[in-house]
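Asker: In the numbering used here, the protein residues as written are 196 to 564. Glycine included, every Cβ here is placed at the ideal spot set by N, Cα and C.
Okay, structure coming up:
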C-alpha cells in the first residue's frame, strides 16, 4: 500500500447497518467521530509510528509539519459519507440504466405492434377498396330519392294488403241463384239478438229458427240429441248437445260433402261473428243452390252445439251419427279474428287436390301456407 492509498472500507449495507442504527451512530459520535491518535493514524496508513513529541512548550518544525499533515488527512466520518455518496450515485445510475432499458424495450414492442397493425390495416383497406363499390356522394337529391323509394314501398304494401281478391258485397235484390251478403246479414240480425249459450232459452230460440229456415228451403232437418263428454286434465266437461242436421241428395253421389258451423255462443257474447257469420253463410248458400243446378254428391248440413264448451257437438256427430261414415270432405266455417276477408286457414293431410278444387270453384279464393 502506498503512502496515500486508503484501505477499502465496507459499506453500511455490507456491515448490515439499518437506517435507524446509522442515525444512532451519528448521534453518538457527531459529525467528525472520535479523534485518532498519531499511532492509530500511522497504523492505518501503514507507516512507522512517529517519535514521541518533545516536552518543550514550543512546537518544533517537524511537529508543525506533522500537525499540518494530520489536519490535511480525511476523517472517518468524511470517508463514510464519501463512500455512501458514491454508493448512492452508483445505485441511482444503475436504476436509471435499468429504467431506460425497460423504456426502450417497451418502445420497441409498441413500435412493432403499430407496424404490424398498420400492415394489417393496409391489407384490409386494400380489400375493402377492391370489394366495396365506388362511394356515392350523398346530397339533397339522394335524400329525396330515399324518401320517395320508402313512400312507394309503403304505398305498394298498403295496396297489396287491400287487394285480397274478395268481391264487393252483393245487395239484397240480387238474383235468386246469386249469393247475397245483404240477405245473409238480415238473417244474422235475427240470430244474434242476444247471447245464446248452450242450454239457455235464447239457444233454444235460435235452434228453432234454424229448423224453420231449413224447412222453408225444402229440407228435412233433424236434431241429434246426446250427451257428449270430454276430459280436460283432472276434470271432465259434459253437456247435453242438440245438433241440427239436414241432407241434400246428389244426382250421382260418390260420397258426401259436410258443411258445418256452430250455432251456440258464449255467455256474454251475441255470437254474430263467432259463429253466426258461418251459420248465415251456409243458409244463404243453400238458398242460392236451390235455384241452381242439382249437385252431383250428397251435401250434409250440420249446425253443431256446445262448440264453446270444447267441440262437444262436433265430437258427438263424429263419434255417433251414422252419416259420418259417408263424409269424404268436410268444410267448417269458423270465425277467427275480428274482420277481414274469408281465409282458408287450415286443411288436413294430402290437401293439394282440395286447394286446386277450391281455387277452380272460387276465383276470389284467399289463403296462405
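Under 8 Å: do the region 451-458 and the region 493-512 share three or more Cβ pairs, one atom per stretch?
Answerer: yes
Asker: For the candidate residues 298, 299 and 442, whose alpha-carbon lies nearest to that of residue 410?
Answerer: Numbered from 1 along the chain shown, position 215 holds the residue referred to as residue 410. Looking at the Cα atoms, 442 is the closest of the given residues.
Asker: DSSP state of residue 499, grouped into three classes?
Answerer: One-based indexing of the chain shown puts residue 499 at position 304. Three-state DSSP puts residue 499 in a strand.
Asker: Throw me the rounded Cβ distance for the residue 461 and residue 392 pair, which I believe falls under 8 Å.
Answerer: Position 266 of the chain shown, counted from the start, is the residue given in the question as residue 461. Position 197 of the chain shown, counted from the start, is the residue given in the question as residue 392. Rounded, the Cβ-Cβ distance is 6 Å, consistent with contact.
Asker: For residue 350, which three-state DSSP category applies?
Answerer: For this step, residue 350 is matched to residue 155 along the chain shown. Three-state DSSP puts residue 350 in a helix.
Asker: Is the Cβ-Cβ distance between residue 385 and residue 470 less than 7 Å?
Answerer: For the purposes of this step, residue 385 is taken as residue 190 along the chain shown, with counting starting at 1. For the purposes of this step, residue 470 is taken as residue 275 along the chain shown, with counting starting at 1. No. Outside cutoff.
Asker: Quick one: which unbroken alpha helix (DSSP H) runs of 4-plus residues sit fully inside the region 513-562? Chain order, please.
Answerer: Segments of the alpha helix (DSSP H) lying fully in the region 513-562: 547-556.
Asker: So, are the CB atoms of residue 445 and residue 490 less than 7 Å apart?
Answerer: Here residue 445 corresponds to residue number 250 of the chain shown, with the count starting at 1. Here residue 490 corresponds to residue number 295 of the chain shown, with the count starting at 1. The Cβ atoms of residue 445 and residue 490 sit closer than 7 Å to each other.
Asker: Does the beta-carbon of residue 281 have 16 or more other beta-carbons within 10 angstroms, so that it is buried, or is it exposed?
Answerer: As a working note, residue 281 is residue 86 in the chain shown. Answer is exposed; the Cβ neighbour count stays below 16.
Asker: Can you tell me the Cα-Cα spacing of residue 274 and residue 217, whole angstroms?
Answerer: Within the chain shown, residue 274 is the residue found at index 79, counting from 1. Within the chain shown, residue 217 is the residue found at index 22, counting from 1. About 14 Å.
Asker: Locate the beta strand (DSSP E) running through residue 417, then write down its first and last residues.
Answerer: Within the chain shown, residue 417 is the residue found at index 222, counting from 1. 417-427 is the extent of the beta strand (DSSP E) around residue 417.
Asker: By the 10 Å Cβ neighbour count, where 16 or more other Cβ atoms means buried, how is residue 500 classified, buried or exposed?
Answerer: As a working mapping, residue 500 is identified with position 305 in the chain shown. It counts as buried.
Asker: If I measure Cβ to Cβ from residue 253 and keep anything under 6 Å in the same chain, skipping five residues before and after, which residues do I get?
Answerer: Looking up residue 253 in the chain shown gives position 58. Residue placement at residue 253 is poorly supported in this model, since its pLDDT is 49, which falls under 50; the coordinates still yield a value, given next. Excluding residues within five positions, none has a Cβ falling inside 6 Å.
Asker: Touch check for the region 417-426 and the region 473-484: three-plus C-beta pairs under 8 Å?
Answerer: no
Asker: Tell me which residue opens and which closes the beta strand (DSSP E) that residue 453 is part of.
Answerer: One-based indexing of the chain shown puts residue 453 at position 258. Where residue 453 is concerned, the enclosing beta strand (DSSP E) stretches over 451-457.
Asker: Closest to residue 417 by CA distance: which of 534, 439, 306 and 340 is it?
Answerer: For the purposes of this step, residue 417 is identified with residue 222 of the chain shown, where counting begins at 1. Of 534, 439, 306 and 340, the residue nearest in Cα terms is 439.
Asker: Check whether the Cβ atoms of residue 390 and residue 467 sit closer than 7 Å, and answer yes or no.
Answerer: Taking the chain shown and counting its residues from 1, the one referred to as residue 390 is at position 195. Taking the chain shown and counting its residues from 1, the one referred to as residue 467 is at position 272. No, the Cβ-Cβ distance between residue 390 and residue 467 is not below 7 Å.
Asker: Rounded to whole angstroms, what is the Cα-Cα separation between residue 555 and residue 396?
Answerer: Here the question's residue 555 lines up with position 360 in the chain shown. Here the question's residue 396 lines up with position 201 in the chain shown. Residue 555 and residue 396 have their C-alpha atoms some 42 Å from each other.
Asker: So which of 557, 514 and 561 has the shortest CA-CA distance to residue 537?
Answerer: By one-based count along the chain shown, residue 537 stands at place 342. Answer by Cα proximity: 561.
Asker: Would you tell me roughly how many angstroms separate the C-alpha atoms of residue 402 and residue 432, rounded to the nearest one?
Answerer: Within the chain shown, the letter at position 207 stands for residue 402. Within the chain shown, the letter at position 237 stands for residue 432. Approximately 22 Å, taken between the alpha carbons.
Asker: What does the alpha-carbon distance come out to for the pair residue 506 and residue 435?
Answerer: Residue mapping note: residue 506 aligns to position 311 of the chain shown, counting from 1. Residue mapping note: residue 435 aligns to position 240 of the chain shown, counting from 1. Using only the alpha carbons, I get a separation of about 12 Å.
Asker: Cα-Cα, which of 484, 364, 354 and 311 is closest to residue 371?
Answerer: Working through the chain shown from its first residue, we reach residue 371 at position 176. The candidate whose alpha carbon is nearest that of residue 371 is 484.
Asker: Among 527, 558 and 557, which residue has its Cα nearest to the Cα of residue 543?
Answerer: Within the chain shown, numbered from 1, the residue matching residue 543 stands at position 348. Checking every option, the nearest Cα to that of residue 543 belongs to 527.
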